[in-house]
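**Student:** So that we are looking at the same thing, I have put the structure below in structure tokens.
2 protein chains.
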Amino acid sequence: MRTGTNLLKVKDYNQRLVLEIIRLGDGASRVEIAERTGLTAQTVSNIVRRLLSEGVIEEVGKGRSRGGGKPRVLLRLRPGAGYAVGVQIDRDEVRVALVDLAGRVVGRRRHPLAVEGPEDVVKLAVGAVGEVIREGGVKSGKVLGVGVAAPGPLDPRGGVVYGPPGMEGWEEVALREKIEAACGYPVVLDNDAVASAVGERWIGAARGVRDFLFVYAGWGISAGIFVDGQLYRGRSGTAGEIGHIPLDPEGPVCGCGNRGCLVRYCSPREITARVRRRLDAGEESTLREIHGRNPAALDYEAVRRAAAAGDRLALEEVGESARMLGRALVGLANTLDPEKVVLGGRAFGGVGEVYRREAEEALGRVLYPGRRQVGVEVSASGEEAVALGAAALVLHDSYAPRMQGLEAL
Amino acid sequence: MRTGTNLLKVKDYNQRLVLEIIRLGDGASRVEIAERTGLTAQTVSNIVRRLLSEGVIEEVGKGRSRGGGKPRVLLRLRPGAGYAVGVQIDRDEVRVALVDLAGRVVGRRRHPLAVEGPEDVVKLAVGAVGEVIREGGVKSGKVLGVGVAAPGPLDPRGGVVYGPPGMEGWEEVALREKIEAACGYPVVLDNDAVASAVGERWIGAARGVRDFLFVYAGWGISAGIFVDGQLYRGRSGTAGEIGHIPLDPEGPVCGCGNRGCLVRYCSPREITARVRRRLDAGEESTLREIHGRNPAALDYEAVRRAAAAGDRLALEEVGESARMLGRALVGLANTLDPEKVVLGGRAFGGVGEVYRREAEEALGRVLYPGRRQVGVEVSASGEEAVALGAAALVLHDSYAPRMQGLEAL
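Following this line, the structure appears as structure tokens:
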């Protein structure tokens, strides 16, 4: 994948390894870096000197020493040494975030989208990228690249989007190429779930966590999977489609051909449809008024607001969705044995705690509970999680050590 | 993990990488090795010379060259350069296999077990290890080590078995240490599913496959997962417990606290219980006679033999098990996106094709079928799969390149 490697001059594997440890730690000392990489103190020292002189990292105060030796100088990335732009392309909006190396959002843009074709969306997105960079006063030479997150299916290697559900005119769009040509920065593309997962690993709830599952719930539901510190993509690059885990042999038929898939219980559309049916059947709810006025106006936003405000009917249906997600998660935890599950994406907005509670209860029934505790957290990044994650893709791609030799096997 | 590394003198990372490519290929040339490792031709040449002179590898004929150049000499492991012993400890038997570097079984032993404690089993197993080595005429210096596979849960790093279901007296047994002390060879321990998966990757249906799922069905059902060419163990080392994927919210209550877990449909005991209930209800089957004579004599062996012979009732119950496994597999395939699923273990004996067919049908409903085809195969190793896999553990552990630096992160 092409990336903004030239600016940070991430030349060799050892340097990348050192940078990765500095990036993931809250300040790392030279001694600690040597211990964790297995590199000699001399090699670490040389790499650190080079990175310091290039302004990529900086020294920040002193850490405690173990065993009473003299305190150690801690190193961290210099936030202003580089920036990345994250672009989220969703069905109804484009969000752009300019992020520094410390993960701070220093500029943002949000444009609602009527349903539009790729050309218009690319123009809008690239315009917004230029604006945040200009307004942030960031020199273009400091922009490492642009990360773009779009709904899947897509091919991150080829940079091609393959007709995500609900997006017409997006059958086989070379999105990365188009944006790259229009904005002039190196571009990486990935799906929204993967981007958010990378963002959480960078500065969110999964910081420093090597094995975790990020559950992304937007229009549908899917996951970004980290295995042993690396993003897991699967054979064809389409890993993480947890929305199509079958949960009930008697459940509703799904578009994929199976019955009772997770997405049939959890998607905003299905939850909303269940609420509507119960309102049609005359059940009580604070949503009766909207529904009576105009059934079409009763959307998922209304349902989750009502649930957050304690409406029984809305809460029951969100709870049903959360219970089914919990069942899927316990199966995944038994199979993958992660350290943590992080829940993020718009569908959790305002009702994240309902999902977290159900997930936690379900994960309490994981096999060998004495030997593994699977934590659950709701992402703190909120609505900006995907754009932030898209920016993180640029850094992840630059820094994450990858073994060329192994990949070739 | 301690291994027989000293004999093959697997000193450095580059050498392990070269050996791994030679091991996984059906003959690899120096040029190919250089291309795939990214090592220089000179480095590859030096490593190959050393391995040849030590008798670890040998030259075998010539491969076709690409583009009409002169044919290339192919390299492979010299089968007799080393041996590994695999030990399977199961609830009712101990199996031992002596295996050469080409994966050929050159000696075997099988002892039925009455229910016995760890001390007796260790004695029996170590005795059998000595016998196969002696009978095979293999010098002890050529034995790289002993791989032991036992039912989980167990801790492969610590070498400790933690009370597998159905094995009394096995709560926290330091099995590796005990066997090592008694036999004098380096010992590695892992669970039966993982061992079989490593065996399949070595010389079975998953040879050269980087992302696959090995489904092991014995007493219960679990999986060995290969991700990007490496065994995936999870955070606590207990990954692969697919038997506790919940498949039906209205299903039978499981010991883990959930409802409708896969193992409730697939375990030999459950299948047999379902058959018994239908016979009690008076249904027709070729199993009526055994059942009438002595219901306790109607075991899973009888059921699967009847199914293999075409008995409708037995086939229906095995089919129900296979359908539920298929549902679990399509969820796993959507999540993990593997290249292949391999089915192995005693419970598939004689009825593997029933499972394969259902799995294939279910996997045909995977998401994005155009972009991913998930193959299904039944292991050809049959009843010897676990012992063979246990031997493969020794070699896997010696050869599989591992990044110390990355592991420390």
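Residue numbers (our numbering), protein chains in the order written: chain A, 75 to 483; chain B, 75 to 483.
The C-beta atom is built at its ideal place from N, Cα and C for all residues, glycine as well.
Just how far apart, CA to CA, sit Val-460/A and Val-212/A?
**Tutor:** In the first sequence, the residue the question calls residue 460/A occupies position 386. In the first sequence, the residue the question calls residue 212/A occupies position 138. Distance between the alpha carbons of Val-460/A and Val-212/A: 22 Å.
**Student:** To the nearest angstrom, how far is the alpha carbon of Cys-257/A from that of Gly-240/A?
**Tutor:** As a position in the first sequence, residue 257/A is number 183, starting the count at 1. As a position in the first sequence, residue 240/A is number 166, starting the count at 1. Taking the straight line joining both Cα atoms gives about 26 Å.
**Student:** Please classify Glu-246/B: is it buried, with 16 or more other beta-carbons within 10 angstroms of its beta-carbon, or exposed?
**Tutor:** Along the second sequence, read from residue 1 onward, the residue named residue 246/B stands at position 172. Glu-246/B counts as exposed, since fewer than 16 other C-beta atoms from the protein chains shown sit within 10 angstroms of its C-beta.
**Student:** What are the partner residues of Asp-174/B, as DSSP defines its beta bridges?
**Tutor:** Here residue 174/B is taken as the residue at index 100 of the second sequence, counted from 1. The secondary-structure analysis by DSSP pairs Asp-174/B across a beta bridge with Tyr-157/B.
**Student:** Our contact map puts Leu-218/A next to Tyr-157/A with C-beta atoms below 8 Å; I'd like the distance itself, whole angstroms only.
**Tutor:** For the purposes of this step, residue 218/A is taken as the residue at position 144 of the first sequence. For the purposes of this step, residue 157/A is taken as the residue at position 83 of the first sequence. At roughly 7 Å, the Cβ-Cβ gap stays under 8 Å, so Leu-218/A and Tyr-157/A are in contact.
**Student:** What do you get for Gln-447/B, buried or exposed, if any count of 16 or more other CB atoms within 10 angstroms of its CB means buried?
**Tutor:** For the purposes of this step, residue 447/B is taken as the residue at position 373 of the second sequence. With fewer than 16 Cβ atoms within 10 Å of its Cβ, Gln-447/B is classed as exposed.
**Student:** Quick one: which residues of the segment 299-321 of chain B get their C-beta closer than 9 Å to a C-beta of chain A? List them in chain order.
**Tutor:** Cβ contacts with chain A: Ile-299, Val-301, Asp-302, Gly-303, Gln-304, Tyr-306, Arg-307, Gly-308, Arg-309, Ser-310, Gly-311, Thr-312, Ala-313, Gly-314, Glu-315, Ile-316, Gly-317, His-318, Ile-319, Pro-320 and Leu-321.
**Student:** Could one say the Cβ of Asp-285/A lies closer than 8 Å to chain B's Cβ atoms, at least one of them?
**Tutor:** Here residue 285/A corresponds to residue number 211 of the first sequence, with the count starting at 1. By this cut-off, Asp-285/A is an interface position.
**Student:** Are at least three pairs of beta-carbons, each pair with one atom in the segment 265-275 of chain A and one in the segment 450-470 of chain A, less than 8 Å apart?
**Tutor:** yes
**Student:** Which term fits Gly-177/A, buried or exposed, when burial requires 16 or more other beta carbons within 10 angstroms of its beta carbon?
**Tutor:** Your numbering for residue 177/A matches position 103 in the first sequence. Burial call: buried.
**Student:** Could you please give the first and the last residue of the uninterrupted alpha helix (DSSP H) stretch that includes Ile-364/A?
**Tutor:** The residue you call residue 364/A lines up with position 290 of the first sequence. Counting along the chain, the alpha helix (DSSP H) containing Ile-364/A begins and ends at 362-367.
**Student:** Taking only runs of the beta strand (DSSP E) that begin and end inside the segment 412-440 of chain A, which ones reach a length of at least 3 residues, in chain order?
**Tutor:** 414-418
**Student:** State the CB to CB distance for the pair Val-206/A and Arg-182/A, rounded to an integer number of angstroms; the pair is presumed to be in contact (CB under 8 Å).
**Tutor:** If you number the first sequence from 1, residue 206/A lands on position 132. If you number the first sequence from 1, residue 182/A lands on position 108. Correct: roughly 7 Å between the Cβ atoms.
**Student:** In whole angstroms, what is the alpha-carbon distance linking Ala-297/B and Ile-316/B?
**Tutor:** On the second sequence, position 223 is the one that residue 297/B refers to. On the second sequence, position 242 is the one that residue 316/B refers to. Cα to Cα, Ala-297/B sits roughly 6 Å from Ile-316/B.
**Student:** Can you tell me the Cα-Cα spacing of Val-222/A and Ala-454/A, whole angstroms?
**Tutor:** On the first sequence, position 148 is the one that residue 222/A refers to. On the first sequence, position 380 is the one that residue 454/A refers to. Taking the straight line from one Cα to the other gives about 21 Å.
**Student:** In three-state DSSP terms, what is Ile-345/A?
**Tutor:** For the purposes of this step, residue 345/A is identified with residue 271 of the first sequence, where counting begins at 1. Three-state result, Ile-345/A: helix.
**Student:** Give the residues of chain A in contact with Arg-401/B, contact being defined as C-beta atoms less than 8 Å apart.
**Tutor:** Counted from its first residue, the second sequence places residue 401/B at position 327. Within chain A, the residues near Arg-401/B are Pro-320, Pro-323 and Asn-332.
**Student:** Along chain B, which residues have their Cβ under 7 Å away from the Cβ of Val-235/A?
**Tutor:** For the purposes of this step, residue 235/A is taken as the residue at position 161 of the first sequence. Result: empty, since nearest Cβ-Cβ is about 13 Å, beyond 7 Å.
**Student:** Along the chain, which unbroken stretches of the beta strand (DSSP E) at least 3 residues long are found entirely within the segment 171-224 of chain B?
**Tutor:** 179-186 and 217-224
**Student:** Provide the residue(s) that pair with Ala-297/B in DSSP beta bridges, ordered along the chain.
**Tutor:** On the second sequence, residue 297/B is found 223 positions in, with the first residue counted as 1. Per DSSP, Val-289/B.
**Student:** Is it the case that the segment 277-290 of chain A contacts the segment 414-423 of chain A, given that we only count it when at least three CB pairs across the two stretches are under 8 Å?
**Tutor:** yes
**Student:** Given a cut-off of 8 Å, decide if Gly-129/A and Leu-148/A are closer than it, judged by their beta-carbon atoms.
**Tutor:** Reading the first sequence from its first residue, position 74 is the one you call residue 148/A. Reading the first sequence from its first residue, position 55 is the one you call residue 129/A. In this structure, Gly-129/A does not lie closer than 8 Å to Leu-148/A by Cβ.
**Student:** Applying a beta-carbon distance threshold of less than 7 Å, which residues of chain A neighbour Glu-413/B?
**Tutor:** Numbered from 1 along the second sequence, position 339 holds the residue referred to as residue 413/B. Those are Arg-309, listed as they occur along chain A.
**Student:** Buried or exposed: Lys-252/A, going by 16 or more other Cβ atoms within 10 Å of its Cβ?
**Tutor:** Taking the first sequence and counting its residues from 1, one reaches residue 252/A at position 178. Flag for Lys-252/A reads buried.
**Student:** Could you confirm whether any beta carbon from chain A is found closer than 8 Å to the beta carbon of Val-404/B?
**Tutor:** The residue you call residue 404/B lines up with position 330 of the second sequence. Yes, its Cβ sits closer than 8 Å to a Cβ of chain A.
**Student:** Would you decide whether Asn-368/B is buried or exposed? Buried here means 16 or more other CB atoms lie within 10 Å of its CB.
**Tutor:** Here residue 368/B corresponds to residue number 294 of the second sequence, with the count starting at 1. So Asn-368/B counts as exposed.
**Student:** Our contact map puts Ile-121/A next to Leu-151/A with C-beta atoms below 8 Å; I'd like the distance itself, whole angstroms only.
**Tutor:** By one-based count along the first sequence, residue 121/A stands at place 47. By one-based count along the first sequence, residue 151/A stands at place 77. At roughly 14 Å, the Cβ-Cβ gap does not stay under 8 Å, so Ile-121/A and Leu-151/A are not in contact.
**Student:** Evaluate His-185/A with the Cβ neighbour count: other Cβ atoms within 10 Å of its Cβ, from every protein chain shown; 16 or more gives buried, anything less gives exposed.
**Tutor:** Within the first sequence, residue 185/A is the residue found at index 111, counting from 1. With fewer than 16 Cβ atoms within 10 Å of its Cβ, His-185/A is classed as exposed.
**Student:** Which stretch, first to last residue, makes up the beta strand (DSSP E) that contains Tyr-442/B?
**Tutor:** Walking along the second sequence from the start, residue 442/B turns up at place 368. Premise fails: Tyr-442/B is in no beta strand (DSSP E) and is neither H nor E.
**Student:** If you run the structure through DSSP and keep just helix, strand and coil, what is Val-448/B?
**Tutor:** Looking up residue 448/B in the second sequence gives position 374. Here DSSP, grouped into helix, strand and coil, assigns Val-448/B to coil.
**Student:** Just to confirm the assignment, what range does the alpha helix (DSSP H) spanning Ala-408/B have?
**Tutor:** For the purposes of this step, residue 408/B is taken as the residue at position 334 of the second sequence. The amino acid at residue 408/B is misidentified as Ala; the sequence shows Asn. 386-410 is the span of the alpha helix (DSSP H), which, as asked, contains Asn-408/B.
**Student:** Using DSSP bridges, identify the partner residues of Gln-162/B.
**Tutor:** Against the second sequence, residue 162/B aligns to sequence position 88. For Gln-162/B, which the question treats as bridged, DSSP gives the partners Arg-169/B and Ala-223/B.
**Student:** Please report the distance separating the alpha-carbon of Gly-226/B from that of Pro-238/B.
**Tutor:** Within the second sequence, numbered from 1, the residue matching residue 226/B stands at position 152. Within the second sequence, numbered from 1, the residue matching residue 238/B stands at position 164. Answer to the nearest angstrom: the Cα atoms are 5 Å apart.
**Student:** Residues of chain A with CB under 8 Å from Asn-368/B, in chain order?
**Tutor:** Translated into positions along the second sequence, residue 368/B becomes position 294. Neighbours of Asn-368/B in chain A, taken as residues at a C-beta separation under 8 Å, are lacking, since the least C-beta distance is about 34 Å.
**Student:** Name the two residues that bound the continuous alpha helix (DSSP H) containing Asp-266/B.
**Tutor:** The residue labelled residue 266/B in the question sits at position 192 within the second sequence. Run containing Asp-266/B: 266-277, per the alpha helix (DSSP H) assignment.
**Student:** Would you mind stating whether Pro-192/B and Gly-243/B have Cβ atoms separated by less than 8 Å?
**Tutor:** Against the second sequence, residue 192/B aligns to sequence position 118. Against the second sequence, residue 243/B aligns to sequence position 169. Against a cut-off of 8 Å, the Cβ pair of Gly-243/B and Pro-192/B comes out as a contact.
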